[in-house]
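Engineer: Add 3 to a position in the sequence shown, counting from 1, and you land on the number used in my numbering. Note that CB positions come from ideal geometry on N, CA and C, so glycine has one too. Just dropping this structure here.
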Amino acid sequence: MASSNAYAPSAPELPESFGQHQYDGENRYSYAYPLYQPTQQLSSSSGMFSPETHPQIVRSFESADRDRSGFLEESELRQALSLSGYEGISNRTIRFLLFIYKSPGDSLLRLGPKEYVELWNCLAQWRAIFDRYDRDRTGKINATELRDAFFHLGYMLPTSVLQLIISQFDDGTGKTVDLCFDSFLECGMIVKGLTEKFKENDPGYTGYATLSYDVFMLMVIPFIVSYD
């Protein structure tokens with residue numbers, strides 16, 4: 004089944020805070036994917052943190068790893084993140100984080116040191132972006148700010164996709180939907196996760212991929228099943 008994905012559409016209008024950006028000859032952005040490189044790496048597969056790892060990362064992991072298994076499961080990850088200043092993250096989001104960041108070869112929802120370092124660095128980046136676009140310092144961002152935040156992270160989502168994402172947080176009262184950091188993180192993990200899965204089938208970063216039905220279902224279903 005051929006799929007023309009929406010992760011690289013014509014970009015929305017640039018937020019004023021963005022400077023000049025490069026376009027290609029077809030009036031599209033010349034990049035499609037955000038390319039992340041973890042700032043902290045492990046020196047081996049032994050499960051030990053490298054000497055360059057930030058001490059707070061090591062302390063939070065070791066304090067939360069109560070059974071000394073070398074892995075963090077759901078409750079332990081929640082504690083580790085709380086020790087790192089990320090309090091109030093919902094069970095659903097914690098499970099999303101475990102699903103996104105666990106080792107591909109591990110059938111269990113858990114993180115080893117390497118995966119935890121990658122998650123910790125990503126959270127720091129996303130927290131900084133959330134705070135940047137929470138301009139009124141309410142602890143929440145609206146739909147426009149969400150669009151700008153995703154744009155800053157490299158995800159050029161069309162309005163229809165943004166509306167679909169935000170609609171899951173609509174309480175039916177007719178009030179404007181604002182997202183707290185936890186909701187922003189949940190939205191971000193869905194977008195990031197699906198984008199990464201699509202990239203696996205688009206090695207040339209063209210914005211197009213040919214997927215079998217089975218591959219498509221296996222790619223999408225984990226992101227729409229309930230993690231409550």
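Out of A67, C190 and Y158, which one is the CA nearest neighbour of I168?
Structural biologist: Start at 1 with the first residue of the sequence shown, and residue 168 comes out as number 165. The shortest Cα separation from I168 among A67, C190 and Y158 belongs to C190.
Engineer: Where do the N-terminal and C-terminal ends of the beta strand (DSSP E) with T141 fall, by residue?
Structural biologist: On the sequence shown, position 138 is the one that residue 141 refers to. That residue, T141, is in no beta strand (DSSP E); it is neither H nor E in DSSP.
Engineer: Might you give, ordered along the chain, the residues of its own chain that have their beta carbon closer than 8 Å to the beta carbon of E148, omitting 5 neighbours on each side?
Structural biologist: Stepping through the sequence shown from its first residue, residue 148 is reached at position 145. Cβ-Cβ distances below 8 Å link E148 to Y136, D137 and R138 in the same chain, with the five nearest sequence neighbours on each side left out; the list follows chain order.
Engineer: Rounded to the nearest angstrom, what separates Q82 and S63 at their Cα positions?
Structural biologist: Reading the sequence shown from its first residue, position 79 is the one you call residue 82. Reading the sequence shown from its first residue, position 60 is the one you call residue 63. Taking the straight line from one Cα to the other gives about 8 Å.
Engineer: Under the three-state reduction of DSSP, which class applies to L114: helix, strand or coil?
Structural biologist: Stepping through the sequence shown from its first residue, residue 114 is reached at position 111. Here L114 sits in strand by DSSP.
Engineer: So for Y119, helix, strand or coil by DSSP?
Structural biologist: Walking along the sequence shown from the start, residue 119 turns up at place 116. Reduced to three states, the DSSP call for Y119 is helix.
Engineer: Assign E203 to one of two classes, buried (16 or more other C-beta atoms within 10 Å of its C-beta) or exposed (fewer than that).
Structural biologist: Looking up residue 203 in the sequence shown gives position 200. E203 should be labelled exposed.
Engineer: Spatial neighbours of F172 within its chain, please: CB distance less than 8 Å, with the 5 preceding and 5 following residues excluded, ordered by chain position.
Structural biologist: In the sequence shown, the residue the question calls residue 172 occupies position 169. V180, L182 and S186, listed in sequence order.
Engineer: My output table needs one value for Y216: the three-state DSSP class, helix, strand or coil.
Structural biologist: Here residue 216 refers to the residue found at position 213 of the sequence shown. Looking at Y216 - three-state DSSP - the assignment turns out to be helix.
Engineer: For L84, report the span of its alpha helix (DSSP H) as first-last.
Structural biologist: By one-based count along the sequence shown, residue 84 stands at place 81. Looking at the DSSP string, the run of the alpha helix (DSSP H) that includes L84 is E77 to L86.
Engineer: What distance in whole Å lies between the Cβ atoms of L156 and I132, which are believed to be in contact at a cut-off of 8 Å?
Structural biologist: The residue you call residue 132 lines up with position 129 of the sequence shown. The residue you call residue 156 lines up with position 153 of the sequence shown. I132 to L156, Cβ: 6 Å. Contact.
Engineer: Which residues in the same chain as S93 place their Cβ atom closer than 6 Å to its Cβ, once the five residues preceding and following it in sequence are excluded?
Structural biologist: As a working note, residue 93 is residue 90 in the sequence shown. Here the set comprises D185.
Engineer: Taking its Cβ as the centre, do 16 or more other Cβ atoms sit within 10 Å of L111, making it buried, or is it exposed?
Structural biologist: Residue 111 sits at position 108 when you count from the first residue of the sequence shown. The residue in question, L111, is exposed, as its Cβ has fewer than 16 Cβ neighbours within 10 Å.
Engineer: Taking just the CA atoms, how far does D151 sit from D134?
Structural biologist: The residue you call residue 134 lines up with position 131 of the sequence shown. The residue you call residue 151 lines up with position 148 of the sequence shown. Taking the straight line joining both Cα atoms gives about 12 Å.
Engineer: Determine the DSSP secondary structure at L221, reduced to helix, strand or coil.
Structural biologist: In the sequence shown, the residue the question calls residue 221 occupies position 218. DSSP places L221 in helix when its eight states are reduced to three.
Engineer: What residues in its chain sit with their C-beta under 6 Å from that of W123, if we drop five residues either side in the sequence?
Structural biologist: If you number the sequence shown from 1, residue 123 lands on position 120. Closer than 6 Å at Cβ, skipping near neighbours: I60.
Engineer: Quick one: is V228 buried, meaning 16 or more other Cβ sit within 10 Å of its Cβ, or exposed?
Structural biologist: Against the sequence shown, residue 228 aligns to sequence position 225. Classification of V228: exposed, given that the 10 Å Cβ count is below 16.
Engineer: Just curious, the alpha helix (DSSP H) that S66 is in, first and last residue?
Structural biologist: Position 63 of the sequence shown holds residue 66. Taken as a continuous stretch (DSSP letters only), the alpha helix (DSSP H) holding S66 covers P58 to A67.
Engineer: Sort T96, R71, D205 and Y119 by Cα distance to S53 and report the nearest one.
Structural biologist: As a position in the sequence shown, residue 53 is number 50, starting the count at 1. For the residues T96, R71, D205 and Y119, the minimum Cα distance to S53 belongs to Y119.
Engineer: Kindly indicate which three-state DSSP category Y208 falls into: helix, strand or coil?
Structural biologist: If you number the sequence shown from 1, residue 208 lands on position 205. If DSSP states are grouped into helix, strand and coil, Y208 belongs with coil.
Engineer: With a floor of 4 residues, list each alpha helix (DSSP H) that falls wholly inside the stretch 116-202, ordered by position along the chain.
Structural biologist: 116-136, 146-156 and 162-170
Engineer: S113 and L84: beta carbons closer than 8 Å?
Structural biologist: Locating residue 113 in the sequence shown gives position 110, counting from the first residue. Locating residue 84 in the sequence shown gives position 81, counting from the first residue. Checking the sequence shown, residue 113 turns out to be Arg, not Ser. No, the Cβ-Cβ distance between R113 and L84 is not below 8 Å.
Engineer: Specify the secondary structure class of F52 as computed by DSSP and reduced to three states.
Structural biologist: Position 49 of the sequence shown, counted from the start, is the residue given in the question as residue 52. Note: F52 maps to coil in three-state DSSP.
Engineer: Would you mind stating whether F201 and A212 have Cβ atoms separated by less than 8 Å?
Structural biologist: Position 198 of the sequence shown, counted from the start, is the residue given in the question as residue 201. Position 209 of the sequence shown, counted from the start, is the residue given in the question as residue 212. Against a cut-off of 8 Å, the Cβ pair of A212 and F201 comes out as a contact.
Engineer: Buried or exposed for P116, going by 16 or more other Cβ atoms inside 10 Å?
Structural biologist: Indexing the sequence shown from 1 puts residue 116 at position 113. Buried: at least 16 other Cβ atoms inside 10 Å.
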